[in-house]
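Student:
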Amino acid sequence: MSKFSTRFLVMAVVFAVCLITSNFFVPRVWQVGNLPLQLSAAVILFPVSYIINDCLTEVYGYRKSRLVIWLAFALSAFTALMSGLACMLPAPLDEGAKPMADSFDSLFAMVPRTTVASLLAFIAGSTVNAWILSRMKVLTGGRAFGVRAVLSSVGGELVDSCIFFPAVFWGVLPMSAIAGMVFTQVVVKTLYEIVILPLTSRFVKYLKAKEGVDTYDNGISYNPFKISDIQ
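With the numbering used here applied, the sequence shown corresponds to residues 7 to 237, in that order.
1. In this structure, does DSSP put LEU41 in helix, strand or coil?
2. Leaving out the 5 sequence neighbours to the left and right, which residues in its chain are closer than 7 angstroms to CYS168 when beta-carbon positions are compared?
3. Using a Cβ-Cβ cutoff of less than 6 angstroms, which residues in the same chain neighbour ALA123 once the five nearest sequence positions on both sides are dropped?
4. Just how far apart, CA to CA, sit THR196 and CYS93?
5. Please state whether DSSP places VAL49 in a helix, a strand or coil.
6. For TRP137 versus TYR228, is the C-beta spacing smaller than 7 angstroms?
7. Given ILE184, which residues of its chain have a CB within under 8 angstroms of its CB, disregarding the five upstream and five downstream residues?
8. Would you say PHE21 and ILE57 are within 7 angstroms of each other, going by their C-beta atoms?
9. Let me check one thing: in DSSP terms, what residues is VAL35 bridge-paired to?
10. Thinking just about the alpha-carbon of each residue, which of SER82, LEU81, SER140, ILE129 is nearest to the one in VAL165?
11. Using only the alpha-carbon positions, how far apart do GLN191 and ARG154 sit?
12. Helix, strand or coil: how does DSSP classify LEU95 here?
13. Based on Cα-Cα distance, which residue from SER28, ASP60, SER55 lies nearest to LEU45?
14. From this set, GLU101, PRO105, MET17, SER182, which residue's C-alpha is nearest ALA78's C-alpha?
15. I'd like to check one pair, THR206 with TYR66: are the Cβ atoms closer than 7 angstroms?
16. Based on Cα-Cα distance, which residue from ALA47, ILE26, SER132 lies nearest to ARG69?
17. Between VAL35 and ALA48, what straight-line distance do the alpha-carbon atoms span, to the nearest angstrom?
18. Out of ARG141, VAL210, ALA150, state which residue places its alpha-carbon closest to the alpha-carbon of GLY225.
19. With respect to the alpha helix (DSSP H) encompassing GLY148, which residues constitute its N-terminal and C-terminal limits?
20. For LEU91, does the count of other Cβ atoms within 10 angstroms reach 16, so buried, or fall short, so exposed?
21. Give the range of the alpha helix (DSSP H) segment to which ALA183 is assigned.
22. Does the separation of the CB atoms of THR63 and SER71 fall below 7 angstroms?
23. Label LYS143 either buried or exposed according to how many other C-beta atoms from any shown protein chain fall within 10 Å of its C-beta, with 16 as the threshold for buried.
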């Protein structure tokens, strides 16, 4: 029987919250300084999910990380469904409440679209991130966590961004702007990972010491759909 610690549970919850909340931030696009580049406000929060993914995979292994990825997927899909249903409700009776209802609908009507794109990108990107980190850990004998964390995040974020931004902003923004957002997001998220890396490394060491776990994924199945395999 698999056992999950309180630390694992907290990280799984934070991981899911980061994914769900970032979907609400996506429509808010902002310019980077005076540069001809734009970013989604989701960049504030979404990289945290990749950092947590690195920690989960490094300490608990690919299989438990895969379970958390699919759990976050299910919760995000549920949130999107509820958002869509809320936007379908009749208009309020009070005229004073209608502007608030319109504002609500303008935000949450995009959530199903962004969530579908986010879920596809998230599953692909997070799985690639976990796979690279896991395989590199076995190949390097657990050395150079910092290098592995950055390279795995670059791979995962590139896959994520190449799926997500065209799906969300196609027909809304010109293709050049979308390509610019993909490039900028990957660069910014990678820099984010590098800046926070000392804290991530210390946290990983702390987890390994407290949990008494340092998993090496030798001979496991990397099938992303095999979520029942969590031993």
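Note that CB positions come from ideal geometry on N, CA and C, so glycine has one too. Keep in mind the model is a prediction, meaning the values are calculated, not measured.
Tutor: So, from the data block:
1. coil
2. VAL188
3. PHE170, ALA173, VAL174
4. 35 angstroms
5. helix
6. yes
7. Same-chain partners within the cutoff: PHE171, PRO172, PHE175, TRP176.
8. no
9. SER46
10. Nearest of SER82, LEU81, SER140, ILE129 to VAL165, Cα basis: ILE129.
11. 20 angstroms
12. coil
13. SER28
14. Out of GLU101, PRO105, MET17, SER182, MET17 has the C-alpha closest to the C-alpha of ALA78.
15. No, Cβ-Cβ distance for TYR66 and THR206 is not below 7 angstroms.
16. Per the Cα distances, SER132.
17. 9 angstroms
18. The option with the nearest alpha carbon to GLY225 is ARG141.
19. Segment: none, GLY148 is in no alpha helix (DSSP H) and carries neither H nor E.
20. exposed
21. 181-217
22. yes
23. Looking at its Cβ environment, which holds 16 or more other Cβ atoms inside 10 Å, LYS143 is buried.
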